[in-house]
């Protein structure tokens, strides 16, 4: 499926009829990557097949995010169901009194046969550089893993649903580094491989504004901001 913003922002008839009554400000997406994972999985391709937990520092990342967003009104929280994401969002959800909506299609990329290998072992075992993974999943793909097209097919409908349910609202999306890059590629109408230029750290926040009424009206307001740890 191509990265197509027109399809992504197409609104159904019911939503289209409501447009004249909506406030004139964009939907704000707070894209939040989970905190640091437990040490044994550092620099390891875990993806969607290894449901790892956070490290002690990862829990601090979650607390720092909750503190930094304490005075920011949020209308909804959407999240990957994976444990590392749930542990990261717990402090913020508790502070805001919001029940996260779990979205299975926001789970991390399936790295197929690379799962469980360290980054520095991919060259030896598969003959390619792990640092080229975004380009590799576009062509030819990781053996037994998700392709860029497959990622678009699962993430794009989930993102569209979030946008349709939250016109002109402020929404937090807790997920994974790979999925944040997919979302950015979809919104910016760029090949996924170009998202390698965007660093998405553990416990980072990126803010994207989407104006449904305006074609191609997408602005990155903040990218890869890591709230300070107390």
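Numbering (my numbering), first residue to last: 1 to 230.
Glycine included, each C-beta is placed from N, C-alpha and C at the ideal position.
Starting from residue i and walking both ways along the beta strand (DSSP E), at which residues does that stretch end?
| i | result |
| --- | --- |
| residue 220 | 218-225 |
| residue 66 | Not the beta strand (DSSP E): residue 66 falls in the alpha helix (DSSP H), residues 56-68. |
| residue 99 | No beta strand (DSSP E) contains residue 99, which DSSP labels as neither H nor E. |
| residue 31 | 27-33 |
Can you tell me whether residue i is buried or exposed, with buried defined as 16 or more other CB within 10 angstroms of its CB?
| i | result |
| --- | --- |
| residue 72 | exposed |
| residue 233 | Because the chain in this structure spans residues 1 to 230, residue 233 falls outside the shown range and cannot be described. |
| residue 125 | exposed |
| residue 110 | buried |
| residue 40 | exposed |
| residue 212 | buried |
| residue 225 | exposed |
| residue 237 | Here the chain comprises residues numbered 1 to 230, so residue 237 is not present and cannot be evaluated. |
Taking the alpha helix (DSSP H) that residue i belongs to, which residues open and close that run?
| i | result |
| --- | --- |
| residue 72 | Taken as a continuous stretch (DSSP letters only), residue 72 belongs to no alpha helix (DSSP H), as it is neither H nor E. |
How many Å lie between residue i and residue j at the Cα?
| i | j | result |
| --- | --- | --- |
| residue 117 | residue 153 | 26 Å |
| residue 22 | residue 141 | With a pLDDT of 48 at residue 22, under the threshold of 50, the modelled position of that residue is not reliable, and no figure is offered here. |
| residue 62 | residue 194 | 28 Å |
| residue 177 | residue 166 | 23 Å |
| residue 143 | residue 97 | 42 Å |
| residue 221 | residue 49 | 32 Å |
| residue 171 | residue 81 | 17 Å |
| residue 44 | residue 24 | 44 Å |
| residue 42 | residue 93 | 26 Å |
Any idea what DSSP makes of residue i, helix, strand or coil?
| i | result |
| --- | --- |
| residue 84 | helix |
| residue 90 | helix |
Problem - Any alpha helix (DSSP H) of 4 or more consecutive residues that is wholly inside the region 114-169 - result: Every alpha helix (DSSP H) of 4 residues or more that sits fully in the region 114-169 is shown, in chain order, as 122-126, 133-138 and 148-165.
Handout entry: Length at least 4, wholly inside the region 174-215: the alpha helix (DSSP H) runs in chain order
Key = Runs of the alpha helix (DSSP H) inside the region 174-215: 177-188.
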